[in-house]
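Undergrad: One structure coming up, written as structure tokens, with questions to follow.
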Amino acid sequence: MKQLKSPSSKNIKNWLIPGALGLLIFVLAACGGSSVATPETVATLTASESTQAIENAAMAAESAADELVAAQESVMIRIYKKALPSVVNIQVIQGLAGNEASGQNPDGLPSRGEGSGFVWDEQGHIVTNQHVVEGAETVTVIFADRTQVLATVLGGDPDSDLAVLRLNEQLDNLVVLDRGDSGEVLVGQLAIAIGAPFGQEFTMTSGIVSAVGRTIRSGVSQFTVPEVIQTDAPINPGNSGGPLLDRHGRVVGINTQIISRSGSNAGVGLAVPINIAKMVVPALIENGKYEYSWLGISGAPVGPDIAQLMELPKGTQGALVIAVNPDSPADKGGLIGSDHNEVVNGIQYSLGGDTITGIDGSEVRDMTDLIVYLTNNTRPGDEVMLDVLHKDGKSEKLPVTLGTRPGDG
Numbered sequence: 011m012k013q014l015k016s017p018s019s020k021n022i023k024n025w026l027i028p029g030a031l032g033l034l035i036f037v038l039a040a041c042g043g044s045s046v047a048t049p050e051t052v053a054t055l056t057a058s059e060s061t062q063a064i065e066n067a068a069m070a071a072e073s074a075a076d077e078l079v080a081a082q083e084s085v086m087i088r089i090y091k092k093a094l095p096s097v098v099n100i101q102v103i104q105g106l107a108g109n110e111a112s113g114q115n116p117d118g119l120p121s122r123g124e125g126s127g128f129v130w131d132e133q134g135h136i137v138t139n140q141h142v143v144e145g146a147e148t149v150t151v152i153f154a155d156r157t158q159v160l161a162t163v164l165g166g167d168p169d170s171d172l173a174v175l176r177l178n179e180q181l182d183n184l185v186v187l188d189r190g191d192s193g194e195v196l197v198g199q200l201a202i203a204i205g206a207p208f209g210q211e212f213t214m215t216s217g218i219v220s221a222v223g224r225t226i227r228s229g230v231s232q233f234t235v236p237e238v239i240q241t242d243a244p245i246n247p248g249n250s251g252g253p254l255l256d257r258h259g260r261v262v263g264i265n266t267q268i269i270s271r272s273g274s275n276a277g278v279g280l281a282v283p284i285n286i287a288k289m290v291v292p293a294l295i296e297n298g299k300y301e302y303s304w305l306g307i308s309g310a311p312v313g314p315d316i317a318q319l320m321e322l323p324k325g326t327q328g329a330l331v332i333a334v335n336p337d338s339p340a341d342k343g344g345l346i347g348s349d350h351n352e353v354v355n356g357i358q359y360s361l362g363g364d365t366i367t368g369i370d371g372s373e374v375r376d377m378t379d380l381i382v383y384l385t386n387n388t389r390p391g392d393e394v395m396l397d398v399l400h401k402d403g404k405s406e407k408l409p410v411t412l413g414t415r416p417g418d419g
């Protein structure tokens, strides 16, 4: 008897494939071809799905943007609520010696002044700008809850444009603003100003830190303030003395000046760094003044032009000594100022003086470096070691004992 052989898998596949195709054609024909995915149908479905995906992405982006804005608003609101009890408006009536009586104060009416300030400690000390209270006969401090208290000017420092007031009566529950570290401030971070621009009390404006390490001339002294913070947060007359805050609500600077041709905000606001206030304010509270160390020179940065004119080694940088004050520490220490002038391309150069290239082992690239070091690291009576490059190209280390900066500039 013959046995039937099982069909091989190959034969089965060969049979099933044509059969399945035939069955599929039959079914499609019976359905009138209505389910056939024509190119037009596929394109329509793809476009519809793409449109929906775009709409979903747009909705998600809008939702994310809303959440981001809400988070930013929440931060700003929190900072304002935290800082508001500590910020004060300062109303000043000045005598004839005051800046406003002479029409120099941009804050407005003659013999009256207005500015801002903030609570320094629980003992009732208020920090503001020297130019706000200079020549003051009567000072009134106004808090956000409308409490008004007369205050006394304990002391002022024209060189940093800082002043300290003491409330004439003790207030309970004074809120002290946290203090940050201006040495850690970075360009691009959030900057918030609270004050009374044009008399509009307790106004908050915001922006970013535009630059750090600026050096500016104090508005009430011929000396310069180093490491100043620049911000585009709107600052106007009346903001003077108010705090510049970071995103944590900490004071990093005290608003002091603006650079503007119109006298109002032009996007360049300047604040005294809080680290200088940390040095100056305690001395003003205790002694009514702050004493800076003093070298007794005027100078200029050494760039490629001066280095070439003085035939100094290529790449030389430093602080060129232009003039030495008679009997000053610099004079006694042997520093030499410029001995002649040269005019090149219409520019006058004072040449021939010593170039300070270092102090106590720290590099000095220009006058700013020298001022910053003296301000932050020395006190009157300290001895410093200067690295000096003479005009003949010889280097020398000069020990100099610093004096006290004269109060009249």
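Using our numbering, the first residue of the sequence shown is number 11, and each one after it goes up by one.
C-beta: ideal position from N, C-alpha, C; glycine also.
All values derive from a computational prediction rather than experimental measurement.
(1) For the beta strand (DSSP E) that Pro236 lies in, which residues bound it at each end?
(2) Taking the CB atoms as reference points, tell me whether Gln199 and Val219 lie closer together than 8 angstroms.
(3) Could you check where the alpha helix (DSSP H) with Pro314 kicks off and where it finishes?
(4) In terms of alpha-carbon separation, which member of Phe208, Met214, Phe212 and Gln240 lies closest to Gly223?
(5) Which partner residues of Phe128 appear in the DSSP bridge assignment?
(6) Just the C-alpha distance for Pro323 and Asp376, rounded to the nearest angstrom, thanks.
(7) Quick check for students: name the residue ranges of the beta strand (DSSP E) that lie wholly in the segment 324-390, counting only runs of 3 or more.
(8) Since I believe Val142 is in contact with Ser228 (beta carbons under 8 angstroms), could you give me their beta-carbon distance rounded to a whole number of angstroms?
(9) So what does Ala201 bridge to, in DSSP terms?
(10) Could you please give the first and the last residue of the uninterrupted alpha helix (DSSP H) stretch that includes Glu296?
(11) Is the beta carbon of Ala203 sitting closer than 8 angstroms to the one on Ile245?
(12) So for Ile245, helix, strand or coil by DSSP?
(13) Using DSSP bridges, identify the partner residues of Glu406.
(14) Just to confirm my understanding: we take Val398, look at its own chain, exclude 5 residues before and 5 after, and list those with CB closer than 8 angstroms. What are they?
(15) So, Gln140 versus Glu124, is the Cβ gap smaller than 8 angstroms?
(16) Does DSSP put Gln158 in a helix, a strand or coil?
(17) Identify the continuous beta strand (DSSP E) that holds Arg176 and give its terminal residues.
(18) Can at least three beta-carbon pairs, one atom from the segment 312-329 and one from the segment 287-294, be found at a separation below 8 angstroms?
(19) Nearest CA to the CA of Asp131: which residue from Arg122, Pro95 and Leu196?
(20) Taking all protein chains shown into account, decide if Gln104 is buried (16 or more other Cβ within 10 angstroms of its Cβ) or exposed.
(21) For Gly145 versus Gly209, is the C-beta spacing smaller than 8 angstroms?
(22) Determine the closest residue to Gln154 out of Gln133, Ile136, Val98 and Gly134, with distance taken between C-alpha atoms.
(23) Can the beta-carbon of Gly306 be found closer than 8 angstroms to that of Ala329?
(24) For Ile226, collect the residues of the same chain with a Cβ closer than 7 angstroms to its Cβ; drop the 5 residues on either side in sequence, then sort them by chain order.
(25) Assign Pro416 to one of three DSSP states: helix, strand, or coil.
(26) Just verifying my parser: in three-state terms, what is the DSSP assignment at Ala75?
(27) Less than 7 angstroms between C-beta atoms, sequence neighbours within five positions excluded: which residues of the same chain meet that for Arg176?
(28) As a quick exercise: from Ser170, Glu179, Leu172 and Gln82, pick the residue whose alpha carbon is nearest that of Val151.
(29) How many Å lie between Glu393 and Trp304 at the Cα?
(30) For Pro416, count neighbouring C-beta atoms within 10 Å of its own C-beta (all shown protein chains included) and say buried if the count is 16 or more, exposed if not.
TA: Taking the coordinates as given:
(1) Thr234 to Thr241
(2) yes
(3) Pro314 to Leu319
(4) Gln240
(5) Val97 and Val137
(6) 16 angstroms
(7) 329-334, 350-354, 357-361 and 365-369
(8) The pair is not a contact, with the Cβ atoms about 13 angstroms apart (cut-off 8 angstroms).
(9) Gly217
(10) Ile284 to Asn297
(11) yes
(12) coil
(13) Val398
(14) Leu345, Asp364, Thr365, Ile366, Thr367, Ser405, Glu406, Lys407 and Leu408
(15) no
(16) strand
(17) Leu172 to Leu177
(18) no
(19) Pro95
(20) buried
(21) no
(22) Note that residue 154 is Ala in the sequence shown here, rather than Gln. Among Gln133, Ile136, Val98 and Gly134, the Cα nearest to that of Ala154 is on Val98.
(23) no
(24) Thr234, Val235, Val238, Gln267 and Leu280
(25) coil
(26) helix
(27) Gly134, His135, Ala161, Thr162 and Leu164
(28) Glu179
(29) 11 angstroms
(30) exposed
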